[in-house]
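Per this note's numbering, the sequence shown starts with residue 496, numbered consecutively.
Glycine included, every Cβ here is placed at the ideal spot set by N, Cα and C.
It should be emphasised that the depicted structure is a prediction, and the values quoted were computed from it without experimental measurement.
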Amino acid sequence: MPRVKTEAKERAILDAAASVFARRPFHAVLIDEIASDAGIGKGTIYRYFQTKDDLYFATTLHVLDSLSQALSQALPQEPSAIRRLERIAAENLRFYWDRQFLFPFLHSDDGPARRDQVMKRREAILRFSQEAILAGIEQRELRGIDARIGAELFLGMVRSANLFRRPEDSLEDLVRQIMSVFLDGVARRDA
């Protein structure tokens, strides 16, 4: 009798894969380790995902979906647009703090179908920043800018902070620095 795939088992595989792929580059990850972390046999993973590359791609989408879910729960509680942007920066940094090895896939060229799926998830995350900027403009917390470009620049700063942070950097300090540069720029006020 064929075994039935379940959403719970797929989620367990993706959670374990996210943990393992976060610790090491793609080529250093063994499917055996993911199976062990998920508490299943290696063959079960291959029933859900034909190749390691397919699993890595699904894991990336899973992580993006999880980040989007975390943002959708956290942001409505923030009263101001600036506080929402701080929260977006903090959640993004927190989410990728120990998952830096998942970043390269977000920029790979693995065919138009996969790129479209990644871009769809990325757009959902970008929308949170864009909506916060638009709200800030409407509430006069922020000056009028192109909200899409502002959101791209903001998330680019967050991504760069995560990729190039030093071991001694803290999440709180990085959020503070991102917000300072994004809101105030780098020009001296007395110049």
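Check whether the Cβ atoms of residue i and residue j sit closer than 7 Å, and answer yes or no.
| i | j | result |
| --- | --- | --- |
| Ala642 | Arg579 | no |
| Ala584 | Val653 | yes |
| Leu588 | Leu658 | no |
| Leu566 | Arg616 | no |
| Phe649 | Ser665 | no |
| Ala656 | Ile673 | yes |
| Ala513 | Ser563 | no |
| Arg594 | Ala503 | no |
| Tyr543 | Glu505 | yes |
Quick one: what's got a C-beta closer than 8 Å to residue i's C-beta in the same chain, skipping five residues either side?
| i | result |
| --- | --- |
| Asp569 | The sequence shown places Ala at residue 569, not Asp. These residues qualify, in order along the chain: Arg582 and Glu586. |
| Ile526 | Lys537, Ile540, Tyr541, Lys547 and Leu550 |
By Cβ distance, which residues of its chain are closer than 6 Å to residue i, with the 5 residues on each side in sequence left out?
| i | result |
| --- | --- |
| Ala533 | Ala507, Ile508 and Ala511 |
| Arg753 | Any property of residue 753 remains undetermined from this structure, which presents the chain solely from 496 to 686. |
In its own chain, which residues sit with a C-beta less than 7 Å from the C-beta of residue i, not counting the 5 before and 5 after it?
| i | result |
| --- | --- |
| Glu636 | Ser575, Ala576 and Ile577 |
| Glu528 | Val515 |
| Arg609 | Phe552 |
According to DSSP, is residue i part of a helix, a strand, or is it coil?
| i | result |
| --- | --- |
| Leu525 | coil |
| Glu636 | coil |
| Thr539 | helix |
| Ser531 | helix |
| Asp593 | coil |
| His662 | Note that residue 662 is Pro in the sequence shown here, rather than His. Coil at Pro662, not helix or strand. |
| Lys500 | coil |
| Arg519 | coil |
| Thr546 | coil |
| Pro571 | helix |
| Asp668 | helix |
| Gly606 | coil |
| Ala630 | helix |
Give a yes or no on contact between the stretch 627–637 and the stretch 546–563, applying the rule of three or more CB pairs nearer than 8 Å.
-> No, the stretch 627–637 does not touch the stretch 546–563.
If you pair each beta-carbon of the stretch 514–530 with each one of the stretch 543–550, do three or more pairs fall below 8 Å?
-> yes
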